[in-house]
Each structure stands twice: as C-alpha cells, then as structure tokens.
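>
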Amino acid sequence: MSAVNIRDLKANLSSHLNKVKSGQEVVILDRNRPIAKIVPFDPIDEPEAEELELVAAGLLRLPTQTLPDDFWDEVESRGISAEILIQAIKSDRDEK
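If you're matching positions, the sequence shown starts at 179 in the numbering used here and goes up one per residue.
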C-alpha cells in the first residue's frame, strides 16, 4: 500500500492508477491525513441492480468466489461436455 498527497495524486494520476491496476491500494492524504483509499476493482464485489432485485426476492444468491480455472476440465472429466452443460443451463433458464 502506498500513500500520496492530493497534489502528487493530481500531478501523477496515471502512475498511481497503474499501481492500483497492478493490485496495490493507494491511500489519499490531505495535509498528511488519510481521507480516501483507491483500491483495485473486483467485479465480484459489485452486483448489478437487477441481480440485487433477484437477491431481495430470494431468487438468486450472489457468488462468494470465482470458479477455479480447472472447473470446466473437471466437468468434462465426468463425461459431460461443457457445451452440453451450457446448453442445458440456457434451455432451463429460457423455460422459466
């Protein structure tokens, strides 16, 4: 984590945003007092409004983590192709 005064942030915004893109957090200081923090965006933390409505209605649970990289490999190793599984899910969603 790095800390930066507002003046330096304004003068070197691209540099500080590159730090955030690489996963670092940047604390913003006003007269050497922390006032804000810029953190990397995590799409799993930002549900859409439509998703929030479904959650409120009890029709959806938001994910708590991403799927492992080998998820589809594991499905296929059980004799089910990913394409067939995806088609089944899409078909089921269209019916409801």
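Note that beta-carbon positions come from the ideal geometry of N, C-alpha and C, so glycine has one too.
From what residue to what residue does the beta strand (DSSP E) around Lys211 run?
The sequence given here places Arg at residue 211; Lys does not occur at that position. Arg211 to Ile216 is the extent of the beta strand (DSSP E) around Arg211.
> For the beta strand (DSSP E) containing Leu207, name the first residue and the last one.
Val204 to Asp208
> Can the beta-carbon of Pro218 be found closer than 8 angstroms to that of Val198?
yes
> Please classify Val204 as buried or exposed, where buried requires at least 16 other C-beta atoms within 10 Å of its C-beta.
buried
> Which class does Ala234 belong to by DSSP, given the choice of helix, strand or coil?
For Ala234, the three-state secondary structure derived from DSSP is helix.
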